[in-house]
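In terms of our numbering, the sequence shown opens at residue 65 and continues consecutively. All residues carry an ideal CB built from backbone N, CA and C; glycine is no exception. Structure record follows, encoded as structure tokens.
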Amino acid sequence: MGNGKQDIAEKINQELEDIRFHGADKVISRTFPKSGRERLASLWNKEIEIRATVIGYVSASVFVLVIGIYLWKDPVMKPAPSVSLQAGTELLEVGGSIYWKDQYERMVARLEDSDQD
């Protein structure tokens with residue numbers, strides 16, 4: 065059996081003896097960098113494989129978290145300006161607008177005073 069492997073190896077060597085690879089030094093220097101610059105270049109030359117299922121799970125998880133945080137968060141409501149209601153105050157509708165009765169009477173009195181001058 066060992067003799068068969070040797071025969072195959074010799075046959076392959078005969079067929080490939082005309083083919084020479086001249087870039088061996090370049091490939092070795094890229095795979096085993098020596099300087100800091102070469103190491104940095106080899107770091108950027110790495111391939112990363114990420115499965116599509118992992119990307120799907122991560123993006124779905126982020127989506128659910130963002131929606132959950134958005135829904136969980138209490139809406140910010142500004143308090144309405146407080147209107148002090150006095151006893152006996154009424155609303156009046158004049159000319160399609162609504163006024164407090166006491167304020168309306170004061171404005172009418174002020175306008176009447178200015179008209180008399």
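In this model, K69 and Q78 are separated by some 14 Å (Cα to Cα).
In the DSSP annotation of this structure, the continuous segment of the alpha helix (DSSP H) that includes I119 starts and ends at A116 to W136. Going by C-alpha positions, G100 is about 25 Å away from E113.
Counting along the chain, the unbroken beta strand (DSSP E) around S161 starts and ends at S161 to W164.
Per DSSP, the continuous beta strand (DSSP E) segment holding E157 begins and ends at L155 to V158. Here N109 has R94 as same chain residues with Cβ atoms under 8 Å from its own Cβ, once five neighbours each way along the sequence are excluded.
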